[in-house]
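Quick notes on the structure that follows.
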Amino acid sequence: MTTAPPTANSLKSGRWIASTCKMCLHSCGNLIHVTDTGVINKIEGNPSNPSNNGKLCPKGNAAIMRHYDPNRFKQPMRRTNPEKGVGIDPMWEPISWEEALEYTAAQIKKSLDEDPRKILPSLEDFQKFNIWAWPLSFGNFNFYQSGGTMCGGAYHPVNGFIHSAFACANDAKHCNYWINNGTGDGFSSHLHAAAQANWVAKARTERGMRVVAVEPRLSIAAAKAEEWVPIRPATDRHFAMGMSHVLVYEGLCDYRALKRDTNAPYLVGEDGYFIRDDNRQCYIWDKKNQCAKLWNDETIEEIALEGNYEFNGKPCRPAFQVYKDILADCSPEAMEKITTVPADTIRRIAREFARAAQIGATIKVEDGRTLPLRPAAYNYYRGAQGHKHGAQTNHSFKLVNMLIGNIDTPGGHMGVTLDPKEVDFNHCSMGESGMLKPTPHQLGPVPGFHYPPSTYHMMDYFPLGVHPPHFNLLMHENREKFGVEFTPDVIVNCHSNPVWAIHGSREKWFEFLRGMRFIVCVDIIPTEMTDFADVILPSHDVLESWNCTMIEPPHTEGQCFRQPATPPLHDTKSEEDIFYELSERLGILEAYNNVINLTLGFEGHPELMLELDKKYTDKEIARRKGLLWDGNDIEYYMEHGHSVTEKRLDKWYRPWEGCRLHFYIEDYLVERDKLKQQMEDANVPFRHEWEWDDYQPLPSSTLDPVHEEPPEYDLYAITFKDIQLNFGESLSNPWIKDIVYRDPVHTGLLLNPKTAAAQGLEKGSIVKVESPYGRLYGRISVSEGMHPETLGVSNALSRMKSKAAGVLPAGGHYNDMLPYDLKNTDAASAQPETVCKVKLTRLDDWPDFLKQGRTVYDLVEDYETAKGKGGHH
Amino acid sequence: MARMGMVFDLKTCIGCNACVVACKQENSLPDGVFFTKTLSEEYGVFPLANRVYIPTICNHCDDAPCEKVCPSGATYTRHDGIVMVDDAKCIGCSSCAVACPYDQRTTMDADNFLKGLFGTGEITPFEKEGYARYTPGTVTKCDFCSQRVDANLDPACVVTCPTNARIFGDLDDPHSAPSKMIRERNGRPPMPEKNTRPKVYYVN
Ligand code: SF4
Ligand code: SF4
Ligand code: SF4
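Written as structure tokens, this is what we have:
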């Protein structure tokens, strides 16, 4: 027997460190193997973490290649080339940390002293809210990062209304009928992709859970689903309302839940507001006694959900009846015309959904409670909700769920808090008239109304919205119209690539960036954004730093701990060190510590609260977060890597017990009228252009304006990611690149073959794609998995030529084709439209700019012609 | 005597390629080299179109044509049925690569190791340490992570698979997870007409 040393990486002599992934914003537990020679050579999932159960997605498996990327920023640097642009060498000059911090602080200080609003923060570290919240230390509400409405604009406020939570997921543990509408939940994206894919695969094999995927493209979820329902883009709300029509008009609802657990019986007056008494208490109609009674009157004998009544001489209807009246026009036949989904299919799915919901069934859960069991749920995300009428669209999906009584119920549709700790801060509490107190501002405080605007992205006018970064460009081009009195001239950027991600023309964004006096980027590797930086402050990567977090986990709770597996490879610092050093030099250290105490929940825990005049390390902040969660000190977390357990059921199932859910969201009207008045009082010149109809207490079947573009734009275009590309930067990673560009959905513009033929195109045709707002170039691929009216553009075809980043361009960016105007943005939520109409023109050859240097298409050709590399059979 | 084999569950595989990247990690594979791949195949006509994700790997054939043609005896079958390549004996003739009906063998050209994963010629510490196991000019393939198997661990691709679509174990043991799955869900080997008697099965 030989005792040759092992060659398999995980078996080489070394040690395993329990830590946490950060290749996306979620936080799967991992184990990092470091050899005796100090090389990190294997990362696996941590099987002791019940969230991801030892599983990792492809990105989580590829973290080593980010760590050892030779293009990493190795020391602080200052630009010497005054010319800025993607692919233009900044000619970096290495400088010392001291010099870099002094210089950066001096540049920021100039604006801070003149007008703090001149600072444009772009801080996207979603695992470190202590960095995210930094601008609040100087009262700055600007926002120039790719999150916000680029991610889930209307989604978060509506989750805040319905569940008083940040996110939502279906309950994979009990669900038997799972509808995915424009989301990868359980298959490729959404919350904790690796973990939820694991739960859902088990549900499908062990319980035979049925999956229905409603999407214009045969996504991964659709490919795995028992049924793929192709749908015309930007009509998801109409599909949901068609289903709701069937549920309501065929009497397939959970009436008991609607009466007891929601505001559906509350009486609504003709103005859309609830009927109230002098103490602002709402009324319910008692059918038995033929009169209105206060919602909490114990003498109510029979709650009316339907009917038209009169109270104090004025007509009124239960909120449920209001929706029923709206749904009268939403028969499956009517919705077929809009969605292209056959009426029979809509009707059948609604009936199957209601049957699977087992209305009336109960289950005894482990905490001893007997709860309704509703094993059918409808989930959705960016693809379905990212439309002009985003708030109504999100609401329509929630109502499909609420009609069958499955909100936060075993098998149903669940609210998920951003940080698990929130459930201990009373995330559900009672508001007005027995209703759940809505928490639409899930991402922290908003600036409130100001005119002239106090933010460059107009957040002053979205009392119920999420930050719309695309409006920075609208404002910039229409400064006079919007009356802004300041001009941002400094960008502070951290792990964010807005110039790659946001709606609008790249060329215009480049100009926007070139107008900045100073840009600092805190980052690990070069991106499109860092090509515009004046100073680079390089940060540690995930394998070199400390953190403690858990972002929106379904099914589990706890904290996931990050610890260094190796000393930093380069002369880098933690984000904490960088922002503390800058804060001290800017004279805002005390304010910053205050903000962190509030943001991370240390406030109220004297032993954890940061002292205001001190600077803290990433390690110390991580330690305190662990202590805050469960009292365990850092040694515990360093040993186990996490404190994750199954969710406490009282915090997961019906955490709002005793409150009524918002079937009807009156707040949209309240806030609309308040904003109207504020705009009137301040004489805001653009108030007449404001899209006041967007504020609706219930969804309407209004069409999104994308459907009304000129007829020459004869196709819809959509963009998509898959699990290999989830969130953030992926393609500079050679292992990710090596799998993405071998997947046929990511290597061409996807068209149904019949559509291609009708357009005179075939596989391989080079085309120009134009929307009313922008254009891109690409090569056609055909797929039967495309709705015939739709062009599919993978996000893997959106990178810009950036030499240092090693990523390949493909002919433009899908988001160049998206509008960034008021008309196509939801006034209620700030959600912009993410679908566009396009026309295609066949070209004989690539335009000149794509002939210089390699593109994705050159790489794909190399792959296709490569021989003997363990290829297909 | 054990017969180690693998079952792929086509019902759950989501084509995420986590397995492929885990394999690249475990085996320090150079750019463009794969011991396992997940294919994505579309079929049917809209609106009944669908796509299946098919993991592929060396099938560790009981009757392995690669082994039969190997002139140097480099290819051999281990006691537990894993088909191995001894690179000390491999002369790089590539006969096995031609003989394998499943295209599962790769000749490790020297240039594989020179350009590096980032294509810049810069070799990362990860590569420097990992590439040492390979002899340029020899042929290589998946060995079911044989050293992990010896250590009682599942192969790297298996442990990471989010959907448990890769099930590994002893096919001679009727109670093993793969044996049960093959029995209960009518497992089929790839291209049975090639008569290589694969130890890899697919269930749907
Ligand atoms: S889902 Fe996110 S956190 Fe989990 S392994 Fe993948 S990249 Fe890492
Ligand atoms: S990791 Fe599992 S689900 Fe993902 S491609 Fe591989 S076999 Fe399929
Ligand atoms: S799949 Fe190919 S390489 Fe693997 S044992 Fe069979 S013939 Fe040999």
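Residue numbers (our numbering), protein chains in the order written: chain P, 1 to 873; chain D, 874 to 1077.
All C-beta atoms, glycine included, are put in the ideal place defined by N, C-alpha and C.
Predicted model only: the values in this text are computed from it and were never measured.
Where P/G868 and D/D976 are concerned, what is the direct C-alpha to C-alpha distance, given to the nearest angstrom? Low per-residue confidence applies at P/G868: pLDDT is 48, beneath 50, and the placement is therefore not dependable enough to give any value.
As assigned by DSSP and simplified to three states, the class of P/G626: helix
Would you say D/C931 touches ligand 3, meaning its beta carbon is less than 7 Å from a heavy atom? yes
Please classify D/K884: does DSSP put it in a helix, a strand, or coil? It is coil, neither helix nor strand.
So the alpha helix (DSSP H) P/E485 belongs to, where does it begin and stop? Annotation for P/E485: no alpha helix (DSSP H) segment contains it, and DSSP assigns it neither H nor E.
Note down, one range per segment and in chain order, each beta strand (DSSP E) of at least 3 residues found wholly within the region 54 to 85 of chain P. 77 to 79
Could you check the C-alpha separation between D/P1009 and P/I131 for me, to the nearest Å? For D/P1009 and P/I131, the gap between their C-alpha atoms comes out near 47 Å.
Would you please verify whether the beta carbon of P/G870 is less than 8 Å from any beta carbon of chain D? Low per-residue confidence applies at P/G870: pLDDT is 44, beneath 50, and the placement is therefore not dependable, though the value from the model is reported in the following sentence. At least one chain D Cβ lies under 8 Å of P/G870.
Proximal chain P residues relative to D/K897, where beta-carbon distance stays under 7 Å: W735
Measure from the C-beta of D/E995 to each C-beta in chain P and report whether the shortest distance is under 8 Å. yes
Extent of the continuous beta strand (DSSP E) run through P/N547: N547 to T549
Check whether the Cβ atoms of P/P710 and P/L669 sit closer than 8 Å, and answer yes or no. no
Please report the residue range of the alpha helix (DSSP H) in which P/M241 lies. D236 to Y249
Quick check: what's the CA-CA separation for D/E899 versus P/E507? 42 Å
Kindly indicate which residue of P/M91, P/D185, P/M150 and P/N181 has the alpha-carbon position closest to the one of P/M241. For P/M241, the nearest C-alpha among the options comes from P/N181.
Buried or exposed: where does P/D877 fall if 16 or more other Cβ atoms within 10 Å of its Cβ makes it buried? Absent from the model: residue 877 of chain P. The displayed extent of chain P is 1 to 873, so no value can be given.
Hey, does P/Q75 have any beta-carbon neighbour from chain D nearer than 8 Å? no
For P/K737 versus P/V86, is the C-beta spacing smaller than 8 Å? no
So, for P/A591: in the same chain, excluding its five sequence neighbours on each side, which residues have a beta-carbon less than 6 Å away from its beta-carbon? S137
DSSP state of D/N890, grouped into three classes? coil
Quick check on this structure: which residue in P/V229, P/M459 and P/E784 has the alpha carbon closest to the alpha carbon of P/R348? P/V229
Can you pull the chain D neighbours of P/R204, defined as C-beta to C-beta under 9 Å? K884, T885 and T1036
What does D/G1003 touch in chain P if you count any residue whose Cβ is under 8 Å from its own? N9 and N41
Taking buried to mean at least 16 other C-beta atoms within 10 Å of its own C-beta, is D/R978 buried or exposed? buried
Could you tell me the distance, in whole angstroms, from the CA atom of P/G871 to the CA atom of D/T1036? Low confidence applies to P/G871: its pLDDT is 42, below 50, so where it sits in the model is not reliable enough to give any reading.
Over what stretch of residues does the alpha helix (DSSP H) that includes P/R162 continue unbroken? The sequence as given places Ile at residue 162 of chain P; Arg does not occur at that position. First-last of the alpha helix (DSSP H) with P/I162: Y155 to I162.
Spatial distance of P/G139 from P/C21 (CA atoms): 32 Å
Beta carbons nearer than 7 Å to chain D: which residues of the region 706 to 738 of chain P have them? I723, Q724, P734, W735 and D738
Provide the residue(s) that pair with P/N394 in DSSP beta bridges, ordered along the chain. Looking at the DSSP assignment, P/N394 forms no beta bridge with any residue, so it has no partner.
Let me see if you follow: with CB-CB separation under 8 Å, is D/A972 close to chain P or not? no
Just how far apart, CA to CA, sit D/M874 and D/G954? 9 Å
Would you please state the rounded distance, in angstroms, between the beta carbons of P/D704 and P/E833? I believe it to be under 8 Å. 6 Å
Does the CB of P/N752 have a neighbour CB from chain D at under 8 Å? yes
Counting only beta-carbon atoms, is P/H873 nearer than 8 Å to chain D? Any answer about P/H873 is weak, because its pLDDT of 33 lies below 50 and its placement is not dependable; what the coordinates show is given next. P/H873 counts as touching chain D.
Note the first and the last residue of the continuous beta strand (DSSP E) segment covering D/S913. In the DSSP annotation of this structure, the continuous segment of the beta strand (DSSP E) that includes D/S913 starts and ends at T909 to Y916.
Figure out for me which residue from P/D261, P/D681 and P/V248 has the closest Cα to the Cα of P/M430. Ranking the options by Cα distance to P/M430, first place goes to P/D261.
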